[in-house]
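Since the structure comes first, as structure tokens, the remarks are kept for the end.
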Amino acid sequence: QVQLVESGGGQVQPGGSLRLSCVASGSIFSINTMDWYRQTPGKQRELIARIFSSGTTAYVDSVRGRFTISRDNAKNTVYLQMNSLKPEDTAIYYCHTAPDNLDAWGQGTLVTVSS
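Rendered as structure tokens:
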């Protein structure tokens with residue numbers, strides 16, 4: 068059973084930066100594809116960034132060029148570096164993985180972008 072714990076959320080002004088972290092346990096982290104999702108009230112959870120075991124990354128258009136997903140397999144950790152934040156980035160951010168097609172989610176971390 069995989070456990071995911073996110074951290075790093077908070078409030079930041081438009082144009083600012085935050086780095087989210089997600090520590091995984093209970094699986095062989097290095098072979099897992101890891102995702103970051105986000106969700107705002109009344110909307111479906113949205114996949115925004117993915118990193119494969121190879122290190123290949125993919126992003127949704129709305130964050131490409133501003134957000135960077137990375138991983139440290141030695142620390143079983145995936146990161147989301149968020150730069151040039153906008154008010155519309157305000158959301159709860161979730162870490163996700165699905166080893167053996169079993170979904171695992173973190174508890175979420177709130178990011179608020181406001182002046």
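Residue numbers (our numbering): 68 to 182.
Even for Gly, the Cβ is constructed at its ideal location relative to N, Cα and C.
The beta carbon of S151 lies closer than 7 angstroms to those of G82 and R133 in the same chain, with the five residues before and after it left out. Sequence-distant partners of S120 (beyond 5 residues in either direction) whose C-beta falls short of 7 angstroms from its own C-beta, in its chain, are S97, I98, N99 and T100.
Beta-bridge analysis with DSSP links E155 to no other residue.
Non-local beta-carbon contacts of T179 in its own chain, meaning distances under 6 angstroms to residues more than five positions away in sequence, involve Q78 and T157 in chain order. The distance from the Cβ of A91 to that of T164 is about 7 angstroms, consistent with a contact at the 8 angstroms cut-off. Ranked by how close their Cα comes to the Cα of S181, the residues C89, E155 and Q111 have E155 in first place. Closest by C-alpha distance to T144, out of S129, C162, D128 and R131, is C162. Residue state for F96 is assigned as helix, using DSSP reduced to three classes.
Going by DSSP, F134 is part of the beta strand (DSSP E) stretching over F134 to D139.
Close CB contacts of N140 within its chain, under the 8 angstroms cut and outside five residues either way in sequence, are with F96 and S97 (chain order).
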